[in-house]
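All remarks here apply to the structure that follows.
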Amino acid sequence: MSEPTADSGILGGDFHVHSTFSDDARSSLAENVTAAAAAGLHTVRLVDHVRQSTAWVPEYLAAVAALEAPDGLTVLTGVEAKILNTEGELDIPALPAGIDRILIADHQFPTAAGPVGPTEIIERISAGLSPTDALDDCIAALIAAMERYPGNQLAHCFSILPKVGLSEDDLSREHLEAWALTAARTDTYVEVNEKWGCPGPRAIAALRAAGATHVASTDSHDAATVGSYSRVRELLLNAEATP
Ligand SMILES: [Zn+2]
Ligand SMILES: [Zn+2]
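Here this note's numbering is used: the first residue of the sequence shown is 4, the next is one more, and so on.
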């Protein structure tokens with residue numbers, strides 16, 4: 004199988020790489036940058052998890068500023084925060100200047116009343132919540148977050164759906180078009196995520212049709228996997244074959 008010609012540049016970037024500023028990651032910022040250069044990447048985004056109470060963002064920015072970026076590698080910054088509700092509010096502290104993009108993440112299911120865990124959503128669906136209503140909430144929250152926080156990036160978008168027993172196949176064409184057009188209009192990058200294998204080919208095709216920017220990411224928690232793609236490569240190839 005040949006390389007995806009239109010996307011070979013995309014696979015030269017890794018827009019979601021965690022360091023030890025996140026509790027569950029193993030590698031330092033410097034180790035990730037060294038790994039990105041060794042993998043021949045042109046771009047790496049260093050990103051860690053925040054919530055409203057997070058206080059280390061200035062320290063993180065100082066540590067990134069002190070890194071020596073190898074020639075040919077662009078080093079970008081970011082913080083990853085979960086969507087709270089269908090108003091598109093994020094679980095995020097006041098940010099100092101220097102964060103290039105916020106990664107807007109579906110870590111919990113966003114509802115009008117706030118974020119709900121996957122088990123609770125599964126119970127609500129079996130108790131009569133219509134999957135269509137749940138999907139409407141999910142899309143509404145993503146669109147509201149992009150509008151409230153323009154110029155950022157959607158992290159592993161739709162990874163929440165399999166966790167609640169739904170899938171991207173359950174999203175209508177109208178859902179995907181509205182989502183993709185909002186990404187284009189708000190300068191939101193949408194990452195195609197290696198760890199979670201999402202979003203899928205239909206969604207990527209909708210992004211392309213809308214003129215939205217998609218990027219590749221590993222969501223690496225260890226420098227050994229920075230810039231290493233197999234699922235993303237396949238998703239991009241399948242998207243090319245999707246009408
Ligand atoms: Zn995440
Ligand atoms: Zn992440």
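The beta-carbon is built from N, C-alpha and C at its ideal position, and this holds for glycine as well.
In the displayed model, P153 falls within coil according to three-state DSSP, outside both helix and strand. Exclusion of the five residues before and after E150 leaves G91, T185, T189 as the residues of its chain whose Cβ lies within less than 8 Å of its Cβ. Of the residues assessed, P113 falls on the buried side of the cut-off, its CB having 16 or more other CB atoms within 10 angstroms.
Put simply, the region 195-203 does not touch the region 127-147. Fewer than three CB pairs are less than 8 Å apart. Distance from the Cα of H178 is smallest, within the candidate group D139, L169, R211, D27, for D139. Relative to ligand 1, even the nearest heavy atom lies 7 Å or more away from the CB of H224. Excluding sequence positions up to five before and after R29, its CB lies within less than 8 Å of the CB of T23, H224, D225, A226, all in the same chain and listed in chain order. Taking W199 as reference, the option from L32, P165, G214, E83 with the minimal CA-CA separation is P165.
Within the model, the alpha-carbon separation for D74 versus A65 is close to 20 Å. Bridge partners of S220 according to DSSP: N196. Secondary-structure assignment with DSSP links P118 through a beta bridge to P113.
In the three-state scheme derived from DSSP, where H, G and I count as helix and E and B as strand, E62 is classed as helix.
Unbroken beta strand (DSSP E) stretches of 3 residues or longer found wholly inside the region 54-99: 77-85, given in chain order. Here DSSP, grouped into helix, strand and coil, assigns C201 to strand.
Contact check for A148 against I86 passes: the beta carbons are separated by less than 8 Å.
In this structure, H110 has its CB closer than 7 Å to one or more heavy atoms of ligand 1. Separation of I128 and S170 (C-alpha to C-alpha, rounded to the nearest whole angstrom) is 14 Å. By the C-beta density criterion, D222 is buried, having at least 16 other C-beta atoms within 10 angstroms. Per DSSP, the beta-bridge partners of R104 are G81.
Beta-bridge annotation (DSSP): L49 is paired with V20, T80.
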